[in-house]
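Sequences listed follow chains C and D, in order.
The numbers in full-length UniProt numbering rise by one with no breaks, and the one at position 123 of the first sequence is 123.
The numbers in full-length UniProt numbering rise by one with no breaks, and the one at position 148 of the second sequence is 148.
Some notes on the structure that comes next.
Protein chains: 2
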Amino acid sequence: MSSNTDIDNLIELMAKLPGLGPRSARRAVLHLIRKRALLLTPLADAMQQVAATARECLNCGNVGTSDICEICNSEDRATGELCVVEDVADLWAMERAGVFKGRYHVLGGTLSALDGVGPEELRIPRLRDRIEAEGITEVILALSATVDGQTTAHYIADELQGRVRLTSLAQGVPIGGELDYLDDGTITAALRARKEM
Amino acid sequence: MSSNTDIDNLIELMAKLPGLGPRSARRAVLHLIRKRALLLTPLADAMQQVAATARECLNCGNVGTSDICEICNSEDRATGELCVVEDVADLWAMERAGVFKGRYHVLGGTLSALDGVGPEELRIPRLRDRIEAEGITEVILALSATVDGQTTAHYIADELQGRVRLTSLAQGVPIGGELDYLDDGTITAALRARKEM
């Protein structure tokens, strides 16, 4: 493509990133070459740094730079509340909102009979252990409102029934959302969960 | 965001790539961490390699690993034809088509009075020199069919008038294109340039 194997190799690797295809990978690589000092070298260094230091928290599945992540290590976050999320991106989204002060448990996906994903693949046994070990009193199931997400939520709820308080995120109209653009399911859920003003 | 400065730094740099925003950069970085051995480390190495070796061809503006690129160095490509393109991505697109056997001249943009881009910024003086030095007989103007692209093409045509044969890419219906989806300008151009069958 570029009559240069180093550059072609970089384009090929970039095209494997989610959200990039061959065309956008070529554009990104040309941009990187143009901004070598400002972007390409710092990006290569940052990747090497993360490759060397990033690891999964053995306790909750978050990514960080130590075997036990900062959140699991922080005594301030031992509130007895445990928020169960599908993946690290969801944990980051919760942290950006900045409203939850407890700890997390990252499942690493959802149960899926089709894809052969069972409870053992999902860090669910570890969840059971943590409830005893960390004196958890409430488990908040913050899973996607998809079929697989809700199947997983129900499975976990069945497993933990009677041992802790189990809650899930409220469903309804998103802040700033216009009714006209919402799907029927969301409107139905929002109406059923309506509140006194 | 991730309560980790190394990872946040990588996300911030990734978000500067064209086609990626903060959200897709986060997704890409999580994907990279998950595929550390398969993708993150090779990508970091490939970037370092390109950062160390990539340079602009002093003759034509192509990117390669030497001061004079492979195309300019190849005697086979001294056909007397010179294809003028806006940027390296356009050169690569021409090379993928594999039909042009001559050399290229990368302008590095288009003339733009608004953005203060004049001929000196665009490697146009170098183009004049090359016509003498390399015995160019035909200059093919492969510039975008935009206002700036066509202004640039006319400027270059004026400059070189009488010294070489000047041509431009044909305009018409793209291969596989459906009339229904084409803009009026393309249909008009295709009709005016209609050919006997």
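Glycine included, every Cβ here is placed at the ideal spot set by N, Cα and C.
Bear in mind that the values here come from a model prediction, so they are computed numbers and not experimental data.
When the distance is taken between beta carbons, is residue j closer than 8 Å to residue i?
i: residue 102 (chain C); j: residue 77 (chain C); result: yes
i: residue 80 (chain D); j: residue 137 (chain D); result: yes
i: residue 44 (chain D); j: residue 51 (chain C); result: yes
i: residue 106 (chain D); j: residue 82 (chain D); result: no
i: residue 19 (chain C); j: residue 24 (chain D); result: yes
i: residue 143 (chain C); j: residue 84 (chain C); result: yes
i: residue 176 (chain D); j: residue 123 (chain D); result: no
i: residue 6 (chain C); j: residue 53 (chain D); result: yes
i: residue 104 (chain C); j: residue 131 (chain C); result: no
i: residue 34 (chain C); j: residue 89 (chain D); result: no
Out of curiosity, what's the CA-to-CA distance linking residue i and residue j?
i: residue 194 (chain C); j: residue 186 (chain D); result: 55 Å
i: residue 178 (chain C); j: residue 98 (chain C); result: 24 Å
i: residue 64 (chain D); j: residue 182 (chain C); result: 51 Å
i: residue 111 (chain C); j: residue 140 (chain D); result: 59 Å
i: residue 37 (chain C); j: residue 66 (chain D); result: 18 Å
i: residue 17 (chain D); j: residue 32 (chain C); result: 8 Å
i: residue 180 (chain C); j: residue 48 (chain C); result: 47 Å
i: residue 22 (chain C); j: residue 150 (chain D); result: 28 Å
i: residue 41 (chain C); j: residue 192 (chain C); result: 54 Å
i: residue 86 (chain C); j: residue 39 (chain D); result: 23 Å
i: residue 56 (chain D); j: residue 147 (chain C); result: 52 Å
i: residue 170 (chain C); j: residue 94 (chain C); result: 14 Å
i: residue 68 (chain D); j: residue 12 (chain D); result: 34 Å
i: residue 162 (chain D); j: residue 8 (chain D); result: 58 Å
i: residue 213 (chain C); j: residue 58 (chain D); result: Beyond the ends of chain C as shown, which are 1 and 197, falls residue 213 (chain C); an answer cannot be given.
i: residue 154 (chain C); j: residue 4 (chain D); result: 32 Å
i: residue 174 (chain C); j: residue 109 (chain D); result: 44 Å
i: residue 152 (chain D); j: residue 116 (chain D); result: 13 Å
i: residue 196 (chain C); j: residue 129 (chain C); result: 39 Å
i: residue 135 (chain D); j: residue 165 (chain D); result: 12 Å
i: residue 199 (chain D); j: residue 100 (chain D); result: Residue 199 (chain D) cannot be examined here, being either before or after the span of chain D that is shown, 1 to 197.
i: residue 184 (chain C); j: residue 145 (chain C); result: 13 Å
Using 10 angstroms around the beta-carbon of residue i, count the other beta-carbons present and answer buried if the total reaches 16, otherwise exposed.
i: residue 29 (chain D); result: buried
i: residue 156 (chain C); result: buried
i: residue 46 (chain D); result: buried
i: residue 96 (chain D); result: exposed
i: residue 75 (chain D); result: exposed
i: residue 14 (chain D); result: buried
i: residue 160 (chain C); result: buried
i: residue 73 (chain D); result: exposed
i: residue 113 (chain D); result: exposed
i: residue 133 (chain D); result: exposed
What in chain D is Cβ-close to residue i, meaning under 7 Å?
i: residue 33 (chain C); result: 50, 54, 63
i: residue 30 (chain C); result: 88, 89
i: residue 191 (chain C); result: What residue 191 (chain C) touches in chain D: nothing, since even the nearest Cβ is about 30 Å away.
i: residue 13 (chain C); result: 39, 42, 43, 46
Cβ closer than 8 Å: which chain C residues qualify as neighbours of residue i?
i: residue 24 (chain D); result: 18, 19
i: residue 6 (chain D); result: 46, 49, 50, 53, 54, 65
Please list, in chain order, the chain C residues whose beta carbon lies closer than 7 Å to that of residue i.
i: residue 27 (chain D); result: 18, 19, 89
i: residue 9 (chain D); result: 46
i: residue 41 (chain D); result: 51
i: residue 179 (chain D); result: Within chain C, no residue comes near residue 179 (chain D); the closest Cβ sits about 25 Å away, beyond 7 Å.
Against residue i, what residues of chain D qualify as contacts under a CB-to-CB distance less than 9 Å, listed in chain order?
i: residue 198 (chain C); result: Outside the displayed span of chain C (1 to 197) sits residue 198 (chain C), for which this structure offers no information.
For a contact meaning CB atoms closer than 8 Å, what does residue i contact in chain D?
i: residue 125 (chain C); result: Correct list: empty, because the minimum Cβ distance to chain D is about 21 Å.
i: residue 36 (chain C); result: 51, 54
Following a CB-centred definition, is residue i positioned closer than 7 Å to any heavy atom of the ligand HEM?
i: residue 66 (chain C); result: You won't find the ligand HEM in this model; it holds no ligand whatsoever.
Could you tell me whether the Cβ of residue i comes closer than 8 Å to any Cβ of chain E?
i: residue 169 (chain D); result: In summary, chain E is missing from the structure at hand, where the protein chains are C and D.
Below 8 Å between beta carbons is the criterion; list the residues of the UniProt domain "Toprim" (80-174) of chain D that meet it against any residue of chain C, in chain order.
-> 87, 88, 89, 92, 95, 96
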